[in-house]
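Residue numbers 1 to 214, in UniProt numbering, belong to the letters of the sequence shown in order. Ideal placement from N, C-alpha and C gives every residue a C-beta, glycine not left out. Bear in mind that the values here come from a model prediction, so they are computed numbers and not experimental data.
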Amino acid sequence: VTKATPVVKSTADSLLTFLTTTSPDTLAAGAAAAVGAYYLLPPVLGALATLTRGYAGELRATDLLDLLINKKCVVVDIRSDAVRVSAGEPDLPGPARGKLLHWPVQKISRKERGQVSDPDGIEAETTGLQIANLKRLKKGNTVVIMDEGNSRVAGIIARRLAKEGYGNTYILKGGFGEWKRASLKTREVTKVFVEAVAAPQLTISGKGPRGFLE
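This is the structure:
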């Protein structure tokens with residue numbers, strides 16, 4: 001403690017000297033700059049974070065429920081039919097029920113997965129392009145991707161939507177699992193609707209055009 005005392009005294013003396021020898025205008029300008037940084041830094045850091053991740057961010061389950069009730073927002077459930085039937089889905093109140101949309105990740109065949117270096121990425125990119133072209137989505141609205149629990153695929157889909165003009169694209173933090181952990185209402189899924197989707201064409205070197213979806 002005795003060794004640290006001269007250092008503390010020296011720092012205090014330096015601060016006192018600065019305050020007593022610096023002009024009031026300079027001190028006022030410095031204070032104003034500090035206040036400005038306090039208010040401006042969070043938005044700037046938020047914008048940088050958005051650029052880094054490629055989409056708007058993550059939402060907590062409780063915040064998502066509030067958005068669904070009070071704002072123009074659509075949740076896209078990318079879980080498979082089998083997972084939805086076994087785990088259920090969010091039970092949304094009243095008109096908010098129409099804001100839940102199911103569009104599962106489009107899978108490629110086992111054979112085709114063996115021919116590409118990143119099959120999960122290809123499936124996610126394909127699914128993101130399909131979701132971006134859904135008529136129910138409007139680019140000015142908030143879109144939230146919900147999976148089983150913060151998968152890499154959800155991030156790829158969110159980034160693809162952002163690239164396609166959906167600037168307010170989020171991921172549900174923790175996925176549907178977090179929705180349940182927040183003790184929000186859920187309901188059983190007893191019926192599933194299967195939509196036929198045209199397979200995008202992909203050229204694999206030496207193999208010619210191939211459809212990626214089964």
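Lys72 and Thr62 have their C-alpha atoms some 16 Å from each other. Of all C-beta pairs linking the stretch 163-182 to the stretch 136-154, three or more are shorter than 8 Å, placing the two stretches in contact. Cα atoms of Thr17 and Pro24: separation of roughly 14 Å, rounded to the nearest angstrom. By the C-beta criterion, the stretch 159-172 is judged not to be in contact with the stretch 107-115, since fewer than 3 inter-stretch pairs fall below 8 Å. Counting along the chain, the unbroken beta strand (DSSP E) around Glu58 starts and ends at Gly57 to Leu59.
Around the Cβ of Lys99, a 10 Å sphere holds 16 or more other Cβ atoms; the residue is buried. Within the same chain, and ignoring the five residues on either side of Leu65 in sequence, the residues whose Cβ sits closer than 7 Å to its Cβ are Leu184. Looking at the DSSP output, Ile145 sits in a beta bridge with Val76 and Ile171. Ala87 and Ala124 have their C-alpha atoms some 22 Å from each other. By the criterion of a C-beta distance shorter than 8 Å, Gly165 is surrounded in its chain by Ala132 and Lys139, once the five residues flanking it on both sides are discounted.
In this structure, the straight-line span from the alpha carbon of Leu101 to that of Val76 is close to 5 Å.
Excluding its 5 nearest sequence neighbours in each direction, Ala182 has C-beta neighbours in its own chain below 7 Å: Ala61 and Thr62, listed in chain order. Where Leu137 is concerned, there is no enclosing alpha helix (DSSP H), because DSSP gives it neither an H nor an E. Leu67 counts as buried, since no fewer than 16 other beta carbons sit within 10 angstroms of its beta carbon. It is roughly 5 Å from the alpha-carbon of Val189 to the alpha-carbon of Val85. For Thr186, DSSP records a beta bridge to Pro90.
A Cβ-Cβ contact shorter than 8 Å links Ala96 with Ile69. Ile108 is positioned such that its CB atom lies no closer than 8 Å to that of Thr127. Going by C-alpha positions, Leu92 is about 16 Å away from Val143. The beta carbon of Arg136 is closer than 8 Å to those of Val74 and Leu101 in its chain, skipping five residues each way along the sequence.
For the options Gly57, Thr20 and Asn141, the alpha carbon positioned closest to that of Gly155 is the one of Gly57. Distances from the CA of Gly167 to each of Pro119, Leu134, Pro90 and Tyr55 were compared; the closest alpha carbon is that of Tyr55. The shortest CA-to-CA distance from Glu89 to any of Leu161, Met146, Lys163 and Thr22 is the one to Met146.
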